[in-house]
DNA sequence: AATGCCGGATTGGTATACCAATTTCTCGGG
DNA sequence: CCCGAGAAATTGGTATACCAATCCGGCATT
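Chains as they are written, first to last, in our numbering: chain A, 22 to 247; chain B, 22 to 247.
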């Protein structure tokens, strides 16, 4: 069946618990799930399970085929689309951010960035939810940009989770994020846009590697596309 | 209480019925709603009502303040953000569309466009749901672009509904849409991008006008922002 | 042995019952 | 007349019961 994660009734809400189970590959990509099985596993009734599943479908971690649910497989094609999309939207977002961000906002991002980097635990990294890119997008003062980036960021959540397993990957990310933030602070819109594109390209490669490495752990159904 | 729309139990699913009630201003922007009141009005149990409300919150037609629901007021600031976002994303989408669209896809869009224009009924226009912009975005073969445009299009749904009350507004829209589609067909990526921007600007003005005109019908809570 | 049909088990969708928290109303004291 | 305390009603959140559709397996027939 499944491992240790979700048996005793945590305090955390069911959405977080389910998401964690998916991200940690406790629930296998490509595998079918049913509301009732989850109800039994997580010891909550179907109503909140259903609600959580809605969110997870929306976030792309669960897919529906007709009436039945399945854990979303890794979709290489989708990942390419996500990064292509980000390359359109994120440069525009940081250009605006470079114009509009206040020093306080920048400091706040830098603080939580360092905080979560120095004392890294999967739960914290996940709980904080809004990550760097979403918070930068928020600096653009355009909620559409912010939520679009958030949606799209969520779709690579599992892959990033995989690639964040190594301290090295985290360090690279932290360095590039710092650089972007500095450029925003310096009001260098074009520089920030370029840095974002470069960062995107490197993360894209990392993510694809991480999935390839995880390929062995997953059945043929676990990875699709391309 | 409320007008004629939703009393007898239609066949249509509750999400459509609720959305229609909101779009037609049967449910007043800014007004509080409760699951139980809707349950009584629409003669379905709270479970599907909750589900529908979840979708409507996601689409921006309903807002949550703490635990309670309210019909989303028109938000002028949000509308500006929506159009700013579209001006970033849509040109990129049609550029890709101009590269990738097949003649069949273009013909399909043109057909349903003319179809829904010639024999216009509010229900059909609404039911078809995916409208021109979303379908064009789909031509980019990037699902992120498609869903981002869809999300953002939904957020101006009520405003466009208002502006589509006049045959004149519909005709203008139809003409501009045709022009964009022709440019895509001609593989003129830059021309299509320019046409989209021009169209966006004109629609933006139309939409703001429509809301201003509707201002009188709505209480102070019905319009916020700016 | 292969196939097709039937029945039970499982599924998601819906209705309803129950609860705790919040809001609203009322009524008494100042 | 105003204000506040407490009770009653209303709210969203959750659990559960019920239903119809679907899926699956086994048995009978060929």
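Where is the CB? At the ideal position from N, CA and C, for every residue including glycine. Since the model is a prediction, treat every value here as computed from it, not as a measurement.
For a test of the three-state rule: what should DSSP assign to residue 89/A, helix, strand or coil? strand
Bridge partner(s) assigned by DSSP for residue 96/A: 245/A
What ranges does the alpha helix (DSSP H) occupy inside the region 151–206 of chain A, keeping only unbroken runs of at least 4 residues that lie completely in it? 153–159, 164–175, 178–184, 188–206
Is the CB of residue 23/B under 8 Å away from at least one CB in chain A? Bear in mind that a pLDDT of 38 at residue 23/B, under 50, signals an unreliable position, so the number given afterwards is only what the model happens to contain. It does not; no Cβ of chain A falls within 8 Å.
In the DSSP output, which residue or residues are listed as bridge partners for residue 54/A? 90/A
Enclosing alpha helix (DSSP H) for residue 125/B [first to last residue]: 124–139
With a threshold of 7 Å on Cβ separation, who are the neighbours of residue 85/A within its own chain once the five nearest residues in sequence on each side are excluded? 78
Does the beta-carbon of residue 246/A have 16 or more other beta-carbons within 10 angstroms, so that it is buried, or is it exposed? exposed
Taking the CB atoms as reference points, tell me whether residue 217/A and residue 100/A lie closer together than 8 Å. no
List the residues that DSSP assigns as beta-bridge partners of residue 84/A. 91/A
Close-in-space but distant-in-sequence residues of the same chain around residue 18/B (CB under 6 Å, 5 per side omitted): Residue 18/B cannot be examined here, being either before or after the span of chain B that is shown, 22 to 247.
Identity of the residue in 50/A, 143/A, 203/A, 43/A nearest residue 127/A by Cα: 203/A
May I have the straight-line CA-CA distance separating residue 102/A from residue 163/B, to the nearest angstrom? 5 Å
What does the Cβ neighbour count give for residue 132/B, buried or exposed, with the cut at 16 atoms within 10 Å? exposed
Counting only C-beta atoms, is residue 56/B closer than 8 Å to chain A at any point? no
Three-state class that DSSP yields for residue 212/A in the structure shown: helix
For residue 256/A, three-class secondary structure by DSSP: Summary: the structure shown does not reach residue 256/A, with chain A confined to residues 22 through 247, and so no result is reported for it.
Which value, in whole angstroms, describes the spacing of the CA atoms of residue 141/A and residue 233/A? 24 Å
Buried or exposed: where does residue 143/B fall if 16 or more other Cβ atoms within 10 Å of its Cβ makes it buried? exposed
Hey, quick one: how far does the alpha helix (DSSP H) through residue 40/B stretch, first residue to last? 35–44
Suppose the cutoff is 7 Å on Cβ atoms and the five residues either side in sequence are ignored; what does the same chain contact list for residue 107/B look like? 173, 221
Would you kindly work out how many angstroms separate the C-alpha atoms of residue 22/A and residue 92/A, rounded to a whole number? Model confidence at residue 22/A stands at a pLDDT of 36, short of 50, so the residue's coordinates are unreliable; what they give is reported in the following sentence. Distance between the alpha carbons of residue 22/A and residue 92/A is about 15 Å.
Quick check on DSSP: helix, strand or coil for residue 48/A? coil
6 Å CB neighbourhood of residue 185/B in its chain, flanking five on each side removed: 191
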